[in-house]
Amino acid sequence: MTEDVKEQLIEASSATKKAFNSYRREADPEDHCSSADGLPSTGAKNHEEKMSFVIVIMQPILRFLQLLCENHNRDLQNFLRCQNKKNNYNLVCETLQFLDCICGSTTGGLGLLGLYINEDNVALINQTLESLTEYCQGPCHENQNCIATHESNGIDIIIALILNDINPLGKKRMDLVLELKNNASKLLLAIMESRHDSENAERILYNMKPKELVEVIKKAYLQGEVEFVDIQEEEDARDEEEHDAASPRNVGHNIYILAHQLARHNKELSIMLKPGGASGDGDEALEFYAKHTAQIEIVRQDRTMEEIVFPVPNICEFLTSESKLRVYYTTERDEQGSKINDFFLRAEDLFNEMNWQKKLRAEPVLYWCSRNMSVWSNVSFKLALLMNLLVCFFYPLEGVHGGTLEPRLSALLWMGVFAALFLVVLMPQPLGILALVAVTILRLIFSVGLEPTLFLLGAFNVCNKIIFLISFVGNRGTFTRGYKAMVIDFEFLYHLIYLIICCLGVFGHVFFYSLL
Numbered sequence: 001m002t003e004d005v006k007e008q009l010i011e012a013s014s015a016t017k018k019a020f021n022s023y024r025r026e027a028d029p030e031d032h033c034s035s036a037d038g039l040p041s042t043g044a045k046n047h048e049e050k051m052s053f054v055i056v057i058m059q060p061i062l063r064f065l066q067l068l069c070e071n072h073n074r075d076l077q078n079f080l081r082c083q084n085k086k087n088n089y090n091l092v093c094e095t096l097q098f099l100d101c102i103c104g105s106t107t108g109g110l111g112l113l114g115l116y117i118n119e120d121n122v123a124l125i126n127q128t129l130e131s132l133t134e135y136c137q138g139p140c141h142e143n144q145n146c147i148a149t150h151e152s153n154g155i156d157i158i159i160a161l162i163l164n165d166i167n168p169l170g171k172k173r174m175d176l177v178l179e180l181k182n183n184a185s186k187l188l189l190a191i192m193e194s195r196h197d198s199e200n201a202e203r204i205l206y207n208m209k210p211k212e213l214v215e216v217i218k219k220a221y222l223q224g225e226v227e228f229v230d231i232q233e234e235e236d237a238r239d240e241e242e243h244d245a246a247s248p249r250n251v252g253h254n255i256y257i258l259a260h261q262l263a264r265h266n267k268e269l270s271i272m273l274k275p276g277g278a279s280g281d282g283d284e285a286l287e288f289y290a291k292h293t294a295q296i297e298i299v300r301q302d303r304t305m306e307e308i309v310f311p312v313p314n315i316c317e318f319l320t321s322e323s324k325l326r327v328y329y330t331t332e333r334d335e336q337g338s339k340i341n342d343f344f345l346r347a348e349d350l351f352n353e354m355n356w357q358k359k360l361r362a363e364p365v366l367y368w369c370s371r372n373m374s375v376w377s378n379v380s381f382k383l384a385l386l387m388n389l390l391v392c393f394f395y396p397l398e399g400v401h402g403g404t405l406e407p408r409l410s411a412l413l414w415m416g417v418f419a420a421l422f423l424v425v426l427m428p429q430p431l432g433i434l435a436l437v438a439v440t441i442l443r444l445i446f447s448v449g450l451e452p453t454l455f456l457l458g459a460f461n462v463c464n465k466i467i468f469l470i471s472f473v474g475n476r477g478t479f480t481r482g483y484k485a486m487v488i489d490f491e492f493l494y495h496l497i498y499l500i501i502c503c504l505g506v507f508g509h510v511f512f513y514s515l516l
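Counted the way UniProt numbering counts, the sequence shown spans residues 1 to 516.
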């Protein structure tokens with residue numbers, strides 16, 4: 001055996017001893033103080049030894065370095081890497097080497113990560129990943145290259161955090177493991193951000209099997225499905241918490257976006273990400289993530305166009321088409337940049353509306369009314385138009401009585417009603433419904449007279465407007481904001497006045513309809 005192989009065997013046996021001690025500690029907590037072959041105990045008593053002050057102090061230091069680079073501060077990102085002095089300290093590489101050491105890759109196999117990551121040091125590892133991410137974002141290409149091309153096992157550690165099960169921590173605190181995977185995937189995305197070459201992507205793919213990556217995505221999705229069933233009842237109470245929490249599906253989505261970016265440089269991965277591309281199993285996960293992933297094109301300062309891929313949160317399904325149109329037509333467009341500012345000012349209201357729409361699904365009747373708000377609005381407008389035309393052409397109404405039609409024409413009109421009804425039942429199209437309404441109103445005018453027909457139309461319009469108001473407050477969640485909010489809501493008051501005028505037209509005088 002060569003010296004190299006001997007060293008690897010010694011390292012492997014050392015790791016095995018540690019694994020054995022870890023297992024013994026779980027099996028017999030009372031006897032965890034003793035250790036085989038003089039290895040230091042890894043029990044709870046010695047956590048302080050493992051995490052000495054020299055290591056613990058690294059967490060606030062790394063947080064400080066992260067905050068220096070916050071908001072993509074290019075000058076400080078470069079300064080951490082190179083101070084342009086005689087003695088330069090590359091803190092980017094130092095941070096990566098620190099991650100390498102704390103995750104134990106210097107002792108050998110990456111598959112044994114779980115032995116080195118525990119509840120005591122997981123926060124420090126997360127902070128290291130977040131700091132490295134902040135060094136790269138913006139992007140800072142020099143720092144990206146620095147991390148991707150460094151001779152340590154840093155990149156392999158980050159990949160291993162995504163692909164491997166981190167046990168025994170995963171059995172006790174899956175939330176901490178998910179946070180690790182989430183931060184690791186964000187770091188790899190930051191290393192590839194705004195790259196027009198494939199160098200960094202190829203470095204990441206070098207030690208990553210496409211099949212393993214796709215399996216992790218599917219596993220996270222299925223895990224999220226189980227969790228979704230468990231917490232469905234508590235969902236409303238923790239809506240905002242979920243937004244920030246590293247839930248299995250959110251983590252799976254981040255890893256999916258990472259795979260999506262890597263797939264541009266790897267045909268095999270590209271095929272596997274398509275539902276049915278690798279095998280039939282887990283297609284649901286890939287379909288879900290594909291459906292909830294979108295992209296926009298942005299132009300960088302150097303006039304290069306770049307595609308940004310991002311996850312679409314589930315709550316966006318509850319954004320109504322009326323709200324989309326309202327934003328589209330009423331956003332301020334007076335000057336360059338005003339669109340973005342105005343849109344962000346509306347973001348909170350839109351988010352609250354989506355949350356309300358989500359709760360609305362639990363009320364089937366109210367939800368049905370709210371979903372068809374534009375229909376009630378169109379019906380109301382067309383009825384107002386029709387009633388005003390009837391008043392305009394046939395006032396005074398007393399002169400127009402029913403039963404003044406010849407029997408042949410009357411029969412023809414009845415045939416028209418039944419034909420239109422048959423067409424609507426057979427093919428329910430908007431034009432067919434309009435034709436049915438028109439011939440029915442004509443039939444009513446000649447059967448009972450114009451005044452009773454106008455009364456019926458007015459009463460129907462009042463009912464329709466009440467349904468519209470219910471759908472309006474249902475869509476906007478006006479009641480949830482209290483009566484004061486309703487009083488100062490101009491749109492709500494407008495529709496309320498509209499309803500009062502409808503009532504005055506029915507029970508007062510038909511000339512009130514002209515105000516509609």
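In this text, a Cβ means the ideal position worked out from N, Cα and C, and glycines have one as well. On a predicted model such as this, the values are computed, not experimentally measured, just so you know.
What are the boundary residues of the beta strand (DSSP E) that residue 94 is part of?
As a first step, residue 94 is located in the sequence shown; it is residue number 94 there, counting from the start. Segment 91-102 is the alpha helix (DSSP H) holding residue 94; no beta strand (DSSP E) there.
To the nearest angstrom, report how far apart residue 517 and residue 263 are at their CA atoms.
Residue coverage of the chain in this structure runs from 1 to 516, which leaves residue 517 outside it and unanswerable.
Using a 10 Å radius around the Cβ and a threshold of 16 neighbouring Cβ atoms, would you call residue 153 buried or exposed?
As a working note, residue 153 is residue 153 in the sequence shown. Residue 153 should be labelled buried.
Once DSSP output is grouped into helix, strand and coil, what is the label at residue 215?
By 1-based counting over the sequence shown, the position of residue 215 is 215. In this structure, residue 215 counts as helix in the three-state DSSP scheme.
So residue 373 and residue 475 are in contact, right, with Cβ under 8 Å, and what is the actual spacing, rounded?
The residue you call residue 373 lines up with position 373 of the sequence shown. The residue you call residue 475 lines up with position 475 of the sequence shown. Right, their Cβ atoms sit about 6 Å apart.
Which residues in the same chain have their Cβ closer than 7 Å to the Cβ of residue 515, if we skip the five residues on either side of it in sequence?
Taking the first residue of the sequence shown as 1, we reach residue 515 at position 515. Cβ neighbours of residue 515 beyond the five flanking positions: 501.
Whole angstroms is fine: what's the gap from residue 190's alpha carbon to residue 136's?
Working through the sequence shown from its first residue, we reach residue 190 at position 190. Working through the sequence shown from its first residue, we reach residue 136 at position 136. Rounded to the nearest angstrom, the two C-alpha atoms are 6 Å apart.
With DSSP as the reference, identify every bridge partner of residue 308, one or two as the case may be.
Taking the sequence shown and counting its residues from 1, the one referred to as residue 308 is at position 308. Residue 308 is bridged to 296.
Thinking C-alpha only, which one of 466, 202, 193 and 307 is nearest residue 142?
By one-based count along the sequence shown, residue 142 stands at place 142. It is 193 whose Cα lies nearest to the Cα of residue 142.
Express the C-alpha separation of residue 437 and residue 378 in angstroms, rounding to a whole number.
Position 378 of the sequence shown, counted from the first residue, corresponds to residue 378. Position 437 of the sequence shown, counted from the first residue, corresponds to residue 437. Between the alpha carbons of residue 378 and residue 437 lies a gap of roughly 14 Å.
Please specify which runs of the beta strand (DSSP E), each continuous and at least 3 residues long, are wholly inside the segment 168-199, giving them in chain order.
none
Cβ of residue 286 within 8 Å of Cβ of residue 269?
On the sequence shown, residue 286 is found 286 positions in, with the first residue counted as 1. On the sequence shown, residue 269 is found 269 positions in, with the first residue counted as 1. Not a contact, by the Cβ cut-off of 8 Å.
State yes or no: is the C-beta of residue 387 within less than 8 Å of the C-beta of residue 513?
By 1-based counting over the sequence shown, the position of residue 387 is 387. By 1-based counting over the sequence shown, the position of residue 513 is 513. With respect to the 8 Å criterion, residue 387 and residue 513 are classified as neighbours on the basis of their beta carbons.
If you scan the segment 305-393 from start to end, which runs of the alpha helix (DSSP H) of 4 or more residues do you find wholly inside it?
321-330, 338-360 and 364-371
With 16 as the cutoff for other CB atoms within 10 Å, does residue 196 come out buried or exposed?
Here residue 196 refers to the residue found at position 196 of the sequence shown. Exposure of residue 196 is indicated by the presence of fewer than 16 other C-beta atoms within 10 angstroms of its C-beta.
Please report the distance separating the alpha-carbon of residue 440 from that of residue 447.
To locate residue 440, count along the sequence shown from 1; it is residue 440. To locate residue 447, count along the sequence shown from 1; it is residue 447. If you take the alpha carbons of residue 440 and residue 447, they lie about 10 Å apart.
Is residue 169 near residue 118, with beta carbons less than 8 Å apart?
Translated into the one-based positions of the sequence shown, residue 169 becomes position 169. Translated into the one-based positions of the sequence shown, residue 118 becomes position 118. A contact, by the Cβ cut-off of 8 Å.
Are residue 259 and residue 309 close, meaning C-beta to C-beta below 8 Å?
Walking along the sequence shown from the start, residue 259 turns up at place 259. Walking along the sequence shown from the start, residue 309 turns up at place 309. In this structure, residue 309 does not lie closer than 8 Å to residue 259 by Cβ.
If you reduce the DSSP assignment to three classes, tell me which class residue 166 lands in.
Along the sequence shown, one-based indexing puts residue 166 at 166. DSSP places residue 166 in coil when its eight states are reduced to three.
Is it buried or exposed for residue 414, if we count other Cβ within 10 angstroms and need 16 for buried?
Locating residue 414 in the sequence shown gives position 414, where the first residue counts as 1. That one is exposed.
Leaving out five residues before and five after residue 188 in sequence, what residues of the same chain have Cβ atoms less than 7 Å from its Cβ?
As a first step, residue 188 must be located in the sequence shown, where it is residue number 188. Here the set comprises 158, 204 and 258.
How would you label residue 47, buried or exposed, when you count the other beta carbons within 10 angstroms and need 16 or more for buried?
Stepping through the sequence shown from its first residue, residue 47 is reached at position 47. Unreliable positioning characterises residue 47 in this predicted model, as indicated by a pLDDT of 46, which lies under 50. The coordinate reading is nonetheless provided below. When all chains shown are included, residue 47 counts as exposed.
Does the Cβ-Cβ distance between residue 132 and residue 91 come in under 8 Å?
Here the question's residue 132 lines up with position 132 in the sequence shown. Here the question's residue 91 lines up with position 91 in the sequence shown. With contacts defined by Cβ atoms closer than 8 Å, residue 132 and residue 91 do not form a contacting pair.
Considering only their Cβ atoms, is the gap separating residue 455 from residue 506 smaller than 8 Å?
Counting from 1 along the sequence shown, the entry for residue 506 is found at position 506. Counting from 1 along the sequence shown, the entry for residue 455 is found at position 455. In contact: residue 506 and residue 455 (Cβ atoms closer than 8 Å).
Under the three-state reduction of DSSP, which class applies to residue 57: helix, strand or coil?
To locate residue 57, count along the sequence shown from 1; it is residue 57. Of the three classes helix, strand and coil, the one that applies to residue 57 here is coil, per DSSP.
Residue 283 to residue 276, Cα distance in whole Å?
For the purposes of this step, residue 283 is taken as the residue at position 283 of the sequence shown. For the purposes of this step, residue 276 is taken as the residue at position 276 of the sequence shown. About 6 Å.
Taking only three categories from DSSP, how would you classify residue 84?
Position 84 of the sequence shown, counting from 1, holds the residue named residue 84. Residue 84: coil per DSSP, three-state reduction.
Would residue 130 and residue 69 qualify as a contact pair, given that the criterion is a beta-carbon distance under 8 Å?
Walking along the sequence shown from the start, residue 130 turns up at place 130. Walking along the sequence shown from the start, residue 69 turns up at place 69. For the pair residue 130 and residue 69, the CB atoms are not nearer than the 8 Å cut-off.
Near residue 469, what residues of its chain come up, given a Cβ to Cβ distance below 6 Å and the 5 sequence neighbours on each side ignored?
Along the sequence shown, read from residue 1 onward, the residue named residue 469 stands at position 469. Correct list, in chain order: 495.
Can you give me the C-alpha to C-alpha distance between residue 88 and residue 82, rounded to a whole angstrom?
Here residue 88 refers to the residue found at position 88 of the sequence shown. Here residue 82 refers to the residue found at position 82 of the sequence shown. If I take the Cα positions, the gap works out to 6 Å.
State the DSSP-derived secondary structure class of residue 120, mapped to helix, strand or coil.
Numbered from 1 along the sequence shown, position 120 holds the residue referred to as residue 120. Looking at residue 120 - three-state DSSP - the assignment turns out to be coil, as it is neither helix nor strand.
Return the CA-CA distance between residue 459 and residue 186, expressed in angstroms with no decimal places.
The residue labelled residue 459 in the question sits at position 459 within the sequence shown. The residue labelled residue 186 in the question sits at position 186 within the sequence shown. Just so you know, the alpha carbons of residue 459 and residue 186 end up roughly 60 Å apart.
Any idea what DSSP makes of residue 128, helix, strand or coil?
Mapped onto the sequence shown, residue 128 falls at position 128. Residue state, collapsed to three classes: helix.
Let me know the secondary structure DSSP gives residue 263 once reduced to three states.
Numbered from its first residue, the sequence shown carries residue 263 at position 263. Of the three classes helix, strand and coil, the one that applies to residue 263 here is helix, per DSSP.
What first and last residue would you give for the alpha helix (DSSP H) that runs through residue 429?
Locating residue 429 in the sequence shown gives position 429, where the first residue counts as 1. Residue 429 -> no alpha helix (DSSP H), and no H or E assigned at all.
Examine chain C for any beta-carbon lying closer than 8 Å to the beta-carbon of residue 460, and answer yes or no.
Absence of chain C from the displayed structure is noted, only one protein chain being present.
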